[in-house]
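Protein sequence lines, in the order shown, are assigned to chains A and B.
Remember, the working numbering sits 338 above the position in the first sequence when you count from 1.
Read in the working numbering, the second sequence has 36 at position 37, and its numbers run on one by one without any break.
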Amino acid sequence: QQQVKQSPQSLIVQKGGISIINCAYENTAFDYFPWYQQFPGKGPALLIAIRPDVSEKKEGRFTISFNKSAKQFSLHIMDSQPGDSATYFCAASIWGQNFVFGPGTRLSVLP
Amino acid sequence: DAGVTQSPTHLIKTRGQQVTLRCSPKSGHDTVSWYQQALGQGPQFIFQYYEEEERQRGNFPDRFSGHQFPNYSSELNVNALLLGDSALYLCASSFGTSGSVQQYFGPGTRLTVT
Numbered sequence: 339q340q341q342v343k344q345s346p347q348s349l350i351v352q353k354g355g356i357s358i359i360n361c362a363y364e365n366t367a368f369d370y371f372p373w374y375q376q377f378p379g380k381g382p383a384l385l386i387a388i389r390p391d392v393s394e395k396k397e398g399r400f401t402i403s404f405n406k407s408a409k410q411f412s413l414h415i416m417d418s419q420p421g422d423s424a425t426y427f428c429a430a431s432i433w434g435q436n437f438v439f440g441p442g443t444r445l446s447v448l449p
Numbered sequence: 000d001a002g003v004t005q006s007p008t009h010l011i012k013t014r015g016q017q018v019t020l021r022c023s024p025k026s027g028h029d030t031v032s033w034y035q036q037a038l039g040q041g042p043q044f045i046f047q048y049y050e051e052e053e054r055q056r057g058n059f060p061d062r063f064s065g066h067q068f069p070n071y072s073s074e075l076n077v078n079a080l081l082l083g084d085s086a087l088y089l090c091a092s093s094f095g096t097s098g099s100v101q102q103y104f105g106p107g108t109r110l111t112v113t
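Given below as structure tokens:
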């Protein structure tokens, strides 16, 4: 019930391409869905977040699409760059507490 | 403005020993959460401290304990270390404990148990 599933485990994209990472959840009480980016040796950094009353949120090249009925949400990275190569985590929480993270997606953007 | 800081950066301990990890939250933040991140996995929530009290706890044994000080800094203590406790321990700070809380993570402490 508390699990967040994430796919794919790894992703290779050409420079300029679109990277898409998908997450799914079961607990309908989740009300906050952030995405984090983590570089080796660093802590996760918040990229973008969404609440379930919104179907899409865009910030620069990063877009979250949210499907409440399907209990799924995804991260789209437009015009992917080699500097975007990192591990991406989706997460979910209830009222900002007890965050549950997905297992992560390792993105490699080829120059 | 200093972000979240953690110490030490790396630590090597022997099975059965005890360890204390430290975290200073981002300026203006009053809530500290601790996470364990095993290699190749996502962070797992250990517990959250607010107003010097443990407010939420994940599925971790009592060997994991913590403390928050009046200046909002925090410690994570792990007793009777097991090999499986080897992981990156992350501290995250935020303001308040409810709503769309934006957490800021520190760089983590890499704990190796031999």
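Ideal Cβ placement from N, Cα and C applies to all residues, glycine included.
Short check: CB of residue i to CB of residue j, under 8 Å?
{"i": "B/V112", "j": "B/L80", "result": "yes"}
{"i": "A/F368", "j": "A/A424", "result": "no"}
{"i": "A/L385", "j": "A/Y370", "result": "no"}
Could you check where the beta strand (DSSP E) with residue i kicks off and where it finishes?
{"i": "A/Y363", "result": "S357 to Y363"}
{"i": "B/H66", "result": "F63 to Q67"}
{"i": "B/V100", "result": "Careful: B/V100 lies outside any beta strand (DSSP E) and carries neither H nor E."}
{"i": "B/W33", "result": "T30 to Q36"}
{"i": "B/A91", "result": "A86 to S93"}
Less than 8 Å between CB atoms is the rule here; does residue i satisfy it with respect to chain A?
{"i": "B/L89", "result": "yes"}
{"i": "B/G107", "result": "yes"}
{"i": "B/Q35", "result": "no"}
{"i": "B/Q67", "result": "no"}
{"i": "B/V31", "result": "no"}
{"i": "B/Q101", "result": "yes"}
Would residue i count as contacting chain B if we go by Cβ distances under 8 Å?
{"i": "A/N360", "result": "no"}
{"i": "A/F439", "result": "yes"}
{"i": "A/K395", "result": "no"}
{"i": "A/L349", "result": "no"}
Which chain B residues sit within Cβ distance under 7 Å of residue i?
{"i": "A/N436", "result": "F44, Q55 and G57"}
{"i": "A/F427", "result": "G41"}
Using a Cβ cut-off of 7 Å, pull out every chain A residue sitting near residue i, in sequence order please.
{"i": "B/G83", "result": "Near B/G83 there are no residues of chain A at all, since even the closest Cβ is about 17 Å away, more than 7 Å."}
Under the rule that 16 or more other beta-carbon atoms within 10 Å means buried, what is residue i, buried or exposed?
{"i": "B/Q16", "result": "exposed"}
{"i": "A/I402", "result": "buried"}
{"i": "B/H195", "result": "Missing from the structure shown is residue 195 of chain B; chain B here goes from 0 to 113 and no further."}
Going along chain A in order, which residues have a C-beta closer than 9 Å to the C-beta of residue i?
{"i": "B/F104", "result": "Y374, Q376, K380, G381, P382, A383 and L384"}
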